[in-house]
Ligand code: CMC
């Protein structure tokens, strides 16, 4: 009751108080629990950042060792989950598979959903962090017609993922430290971003006290959309299309400016950043480093640079404060690491998982009420029912 204001897309509506991530969109600042994204991306491991987000403080050496050990020893996924997986068509999008299988985890690990005992929640959290990379690699293996790899608990988080992706039973595979370090950085940069669409989804679903697997599965579905995490796949497809079309970046800029075209420059613009996305700055530099170190020459990087330069000079983009976002350069690195385009958004999901978990946990700890927005009704006023034969 009372006066209802409509805020489509929640552009100006705060949904919660949160102590996890600080973001200043005007200045282009991003902090996790008070630590700058630049510092964390340079110095931390992804699991340290996961711990920081979920528990509020950087772990001590002992806490880190315990946390990592727990995750390492929960990487196996119930074999019956594989049977569900095998039923998916070979060309299924890996994001659809991922959200389905995370949802299925609620059936395989149903213990203590309604428990308020912290140790029960902790186990669900560890399982999610440990098993998501395992499940994610299955889609890639199937697309190649190769057998899936089991996790190797001797490897660190990023190396284990890469090993499950790329090792084959017929040859030796060593994880290249350049590749695992680049992956570590990308995952950290994606780890949380306050009340974005997928995170708000996780909190909203979780606010009904739905279990954590269902809440995270809903977040994965929200992330898939091309305006959100799905943009990283769209960016590379767009850059490839520009290249195939003769490399005329101006043509695509003009198309993006023309509202009737229905085309947007993917990887540009952000709801909150009205300045450079600080993650994009770090990724752009990392893309240069990784390509040089791996000796990869990706012509699409030149197209990206040209597109960025042209857009940042264009009055349309300047006046609307549209800058490259996190998704603009990330695909170029993923490609250099050998990750196929349709897996890019899955990589985003693996990175964002600790953020979703931290936000879900905070929402429950704060005992937030069920999320239930209001509306202003615009439909028909009361009318009389007409029997079927008289219509
Ligand atoms: N290309 C062309 N025009 C754009 C773009 C773009 N990428 N982004 C925004 N605009 C225009 C938009 O048409 C509008 O113009 P006008 O004021 O004349 O109507 C103005 O800029 C403001 O845009 P908006 O759509 O009202 O802004 P929003 O806050 O609702 O949307 C966004 C933010 C990220 C969805 C949008 O910028 C977009 O669609 N970008 C492309 C998709 C993308 O890269 N998404 C990844 C976002 S970052 C990571 C993540 O969330 O996963």
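Numbering (the UniProt record's numbering), first residue to last: 37 to 427. Built from N, CA and C at the ideal position, the CB exists for glycine as well. All values reported here derive from a predicted model rather than from experimental measurement.
query                                                                                                                                                                   : result
Based on Cα-Cα distance, which residue from 42, 40, 225, 409 lies nearest to residue 433?                                                                               : One cannot answer for residue 433 here, as it falls past the ends of the chain, which runs 37 to 427.
Where does residue 338 sit, in a helix, a strand or coil, going by DSSP?                                                                                                : helix
Roughly how many angstroms separate the alpha carbons of residue 122 and residue 247, rounded to a whole number?                                                        : 25 Å
Specify the secondary structure class of residue 253 as computed by DSSP and reduced to three states.                                                                   : helix
Is it buried or exposed, residue 427, if we count other Cβ atoms within 10 angstroms and call 16 or more buried?                                                        : exposed
Who are residue 60's beta bridge partners in DSSP?                                                                                                                      : 65
Could you check the C-alpha separation between residue 141 and residue 133 for me, to the nearest Å?                                                                    : 12 Å
Relative to the ligand CMC, what is the chain-ordered list of residues with a Cβ closer than 6 Å to any of its non-hydrogen atoms?                                      : 45, 232, 263, 264, 265, 267, 292, 300, 301, 302, 303, 304, 305, 306, 307, 356, 358, 361, 362, 363
Given this structure, state the Cα-to-Cα distance separating residue 331 from residue 62, to the nearest angstrom.                                                      : 36 Å
Should the segment 86-97 be called in touch with the segment 62-78, which here means at least 3 C-beta pairs below 8 Å?                                                 : yes
Three-state secondary structure (DSSP) at residue 299?                                                                                                                  : coil
Where residue 356 and residue 111 are concerned, what is the direct C-alpha to C-alpha distance, given to the nearest angstrom?                                         : 45 Å
Identify whether residue 54 lies in helix, strand or coil by the three-state DSSP scheme.                                                                               : coil
List the endpoints of the continuous alpha helix (DSSP H) containing residue 133.                                                                                       : 130-144
Output needed for residue 353: all residues of its chain with C-beta closer than 6 Å, excluding positions within five of it in sequence on either side, in chain order. : 347
Under 7 Å between the Cβ atoms of residue 365 and residue 320?                                                                                                          : yes
Since residue 304 sits in a beta bridge, which residues does DSSP pair it with?                                                                                         : 360
From what residue to what residue does the alpha helix (DSSP H) around residue 160 run?                                                                                 : 154-180
Report yes or no: do the segment 226-233 and the segment 378-395 share at least 3 C-beta pairs separated by less than 8 Å?                                              : yes
Pull the bridge partners of residue 71 from the DSSP assignment, please.                                                                                                : 68
Rounding to the nearest angstrom, what Cα-Cα distance links residue 47 and residue 101 in this structure?                                                               : 41 Å
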